[in-house]
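Peer 1:
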Amino acid sequence: MSEKHSKSSRLLWYTLGLVALARLFTLGLYPLTDTTEARYAEVARKMAELGNWVTPLYDYGVPFWAKPPLTTWLSAISIKLFGVTEFAARLPYFLLAVLIAWLLWSWVRRSSEKQAQLAVAMMSSTLLYFIASAAVMTDLGLVLGTTLALRGFWAAFEQGPSQRPKEVWLLFIGLGIGLLAKGPIAVVLSGLPIGLWMLLTGSIRASWQRLPWVKGSLLTLAIAAPWYVMAEIRTPGFWEYFFIGEHWNRFTVTGWTGDKYGTAHATQRGAIWLFALAACMPWTALLPLLWVGRKTAAASAVHPQRHFTFYLMAWSVSPCLFFTMSGNILWTYVLPALPATALLAARWLSTDSRGRFINTVVGAGVVAMAVLVAAFFMREQFNDSWKSAKAVVLAHQANGAKQPLLFVGDLPYSASYYSQGKAKALTNDAELIKRMDSSRVLVALNPDQIKALSPELQARLRLEASSGAYRLYSSVPK
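Its first residue numbered 31, the sequence shown is counted upward by one per residue in this note's numbering.
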């Protein structure tokens, strides 16, 4: 490696480290947003408050059956340690993102330090991964599981056929973690690339011989099964909703209406491929440009191991293949593919003799993503347009009133989180009028709700504060 190339590699590490530190120190500078972030944060807050570590709760007394509890456990522990804050809710997800990046780096560096660095930098700076690294949602727990599992499977083929390295056990540990983070989809998204690779390379028999499938499966069950059994015992009906509703109907029934905790995300079948292109920005746009003037290094008899390349390709496309015919998807479903996609790109770039130039472009991509996300956050902060009830909850607390903060219609998850469960929801305007007739109330309304009120009811409300997406009103006595 030339001195200039070495300097550019160090500079890339410094850039990545500074961006990661900036991400860490800004975790608590913006509010938890509805619906996804605030919902999962509130489920974790209730777990920390009530000490119920078996059954996540959607509301007091209402079980949250949509997801297993691994990431909820992590957020609840963080909230116990650091309080009911944005930083506490988001910290575990940042740490998961760092851990996944380390797993990728420590794996790849055994064959190429250069590829390891490029893979980590490119994965970390994709739009989806960068956002997910500081967002309260369950997907990074799944990615940890699938990354461990797929790294563990390949360990069986990195050495001679007579050797069985201890690392193969990561396959089964990863499956157990994935089952606790997201459910059976972890087995599918790990098994699909493994199955595709075995078929493409004719390695079915070798795979059976080189891995401890029976003992490993027992290890996976030992990790995940106890919680699933306890969850069904505590709240009967969980298995039916979770396995049939969440893992069959959600993906096969367009506009599925059985979701107990939100709405299904109806999309065109095949949209997952477009989501993948968006998720991988800016590299979706930059990699084709790097083809221009590409110079393959002479040492680039890098004859990539074909089997490993096939394996990474199968890993990279498996989420898109699986969700192609699904009618209910989110772009976050692409996340498990990002480690392999980044590594494929890194392997290609590492054969380019313009090492210093490549490092500079990748570093610029890292900085550009950080600046883009920071600009978005600054705009939301300046316009006070966060999709969150934090501001109105703080305004209510500053008011010093003893009356609870009321919302008409659905209670925003962020309101429940920031009020620590004290905010209440009224069913409709009639219930609001009934409350106003009997006592003074403090109610949060958004502009659309205010416009829909009758002139008589509007006349009975006095504006106390205008904060974010809501306005805080107090009732005026008749």
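All C-beta atoms, glycine included, are put in the ideal place defined by N, C-alpha and C.
1) Looking at the unbroken beta strand (DSSP E) that takes in residue 504, where does it start and where does it end?
2) Taking just the CA atoms, how far does residue 218 sit from residue 354?
3) Mind checking whether residue 418 and residue 61 have CB atoms under 8 Å apart?
4) On the DSSP bridge assignment, give the partners of residue 454 in chain order.
5) Which word fits residue 215, buried or exposed, when buried means at least 16 other C-beta atoms lie within 10 angstroms of its C-beta?
6) So for residue 142, helix, strand or coil by DSSP?
7) Roughly how many angstroms separate the alpha carbons of residue 120 and residue 58, rounded to a whole number?
8) Could you spell out where the beta strand (DSSP E) holding residue 249 opens and where it closes?
9) Using 8 Å as the threshold, is the C-beta distance between residue 453 and residue 502 below it?
10) The ligand ADP and residue 368: does the residue's C-beta get closer than 7 Å to at least one heavy atom of that ligand?
11) Whole alpha helix (DSSP H) runs in the segment 344-407 with 4 or more residues, listed along the chain?
12) For residue 155 and residue 63, I'd like the C-alpha separation in whole angstroms.
13) Going by other Cβ atoms of all chains shown within 10 Å of its Cβ, with 16 needed for buried, is residue 434 buried or exposed?
14) So residue 241 and residue 186 are supposed to be a Cβ contact under 8 Å. How far apart are they, rounded?
15) For residue 138, tell me which candidate among 347, 500, 342 and 349 has the shortest Cα-Cα distance.
16) Consult DSSP for residue 324 and reduce its assignment to one of helix, strand or coil.
17) Relative to the alpha-carbon of residue 274, which residue among 248, 474 and 97 has its alpha-carbon at the smallest distance?
18) Indicate whether the contact test is met: 3 or more Cβ pairs, each with one atom in the segment 88-108 and one in the segment 468-487, closer than 8 Å.
19) Quick check on this structure: which residue in 84, 381 and 468 has the alpha carbon closest to the alpha carbon of residue 143?
20) For residue 44, count neighbouring Cβ atoms within 10 angstroms of its own Cβ and tell me buried if that reaches 16, exposed if not.
21) Can you check whether the CB of residue 253 is closer than 8 Å to the CB of residue 177?
22) Within the same chain, show all residues whose beta-carbon is closer than 8 Å to that of residue 368, passing over the 5 residues directly before and after it, in chain order.
23) Quick one: using the 10 Å Cβ neighbour count with 16 as the cut-off for buried, is residue 466 buried or exposed?
24) In the structure shown, what three-state DSSP assignment does residue 84 receive?
25) List the endpoints of the continuous beta strand (DSSP E) containing residue 473.
26) On the DSSP bridge assignment, give the partners of residue 497 in chain order.
27) Rounded to whole angstroms, how far is the Cβ of residue 301 from the Cβ of residue 145, which I believe are closer than 8 Å?
28) Mapping DSSP to helix, strand and coil, what is residue 442?
29) Give me, in chain order, the residues of the same chain whose beta-carbon lies closer than 6 Å to that of residue 49; leave out the 5 immediate sequence neighbours on both sides.
30) How long is the line joining the alpha carbons of residue 163 and residue 70, rounded to whole angstroms?
31) Does residue 93 come out as helix, strand or coil in the three-state DSSP assignment?
32) Identify whether residue 54 lies in helix, strand or coil by the three-state DSSP scheme.
33) Among 76, 46 and 38, which residue has its Cα nearest to the Cα of residue 447?
34) Going along the chain, which unbroken runs of the beta strand (DSSP E) with 3 or more residues stay wholly within the segment 175-226?
35) Of the choices 115, 84, 459 and 197, whose alpha-carbon is the least far from that of residue 100?
Peer 2: So, from the listed chains and residues:
1) Taken as a continuous stretch (DSSP letters only), the beta strand (DSSP E) holding residue 504 covers 500-505.
2) Spanning the two alpha carbons is a distance of roughly 14 Å.
3) Using a Cβ distance threshold of 8 Å, residue 418 and residue 61 count as a contacting pair.
4) Note: residue 454 sits in a beta bridge opposite 436.
5) Residue 215 comes out buried.
6) In the three-state DSSP reduction, residue 142 falls in the coil class, being neither helix nor strand.
7) Near 8 Å, if we compare the C-alpha coordinates of residue 58 and residue 120.
8) It is not in any beta strand (DSSP E) - residue 249 instead sits in the alpha helix (DSSP H) that spans 243-264.
9) Cβ distance not < 8 Å, so residue 453 and residue 502 don't count as in contact.
10) This structure simply doesn't include the ligand ADP, nor any ligand for that matter.
11) Runs of the alpha helix (DSSP H) inside the segment 344-407: 368-379.
12) Their Cα atoms are separated by approximately 22 Å.
13) Residue burial annotation: residue 434 is exposed, with fewer than 16 other C-beta atoms found within 10 angstroms of its C-beta.
14) That pair is a contact at about 5 Å.
15) For residue 138, the nearest C-alpha among the options comes from 342.
16) When secondary structure is reduced to three states using DSSP, residue 324 falls in the coil class, being assigned neither helix nor strand.
17) Measuring C-alpha to C-alpha distances from residue 274 to each of 248, 474 and 97 identifies 97 as the nearest.
18) With the cut-off at 8 Å, the segment 88-108 and the segment 468-487 do not touch.
19) Relative to the Cα of residue 143, the nearest Cα in the group 84, 381 and 468 belongs to 381.
20) Exposed.
21) Not in contact: residue 177 and residue 253 (Cβ atoms no closer than 8 Å).
22) So the qualifying residues of the chain are 153, 156, 158, 159, 173, 309 and 310.
23) Burial check for residue 466: the Cβ neighbour count within 10 Å reaches 16 or more, so the residue is buried.
24) Note: residue 84 maps to coil in three-state DSSP.
25) 472-475 is the extent of the beta strand (DSSP E) around residue 473.
26) Looking at the DSSP assignment, residue 497 forms a beta bridge with 500.
27) Not a contact, Cβ separation roughly 31 Å.
28) It is coil, neither helix nor strand.
29) Spatial neighbours of residue 49 in its own chain (CB-CB distance under 6 Å, excluding positions within 5 residues in sequence) are listed in chain order as 396 and 400.
30) Distance from the CA of residue 163 to the CA of residue 70, rounded to the nearest whole angstrom, comes to 15 Å.
31) Residue 93 falls in the strand class under three-state DSSP.
32) The three-state reading of DSSP puts residue 54 in helix, counting H, G and I together.
33) The residue with the shortest Cα to Cα distance from residue 447 is 76.
34) Every candidate beta strand (DSSP E) stretch fails here, since none sits fully inside the segment 175-226 while reaching 3 residues.
35) Checking every option, the nearest Cα to that of residue 100 belongs to 84.
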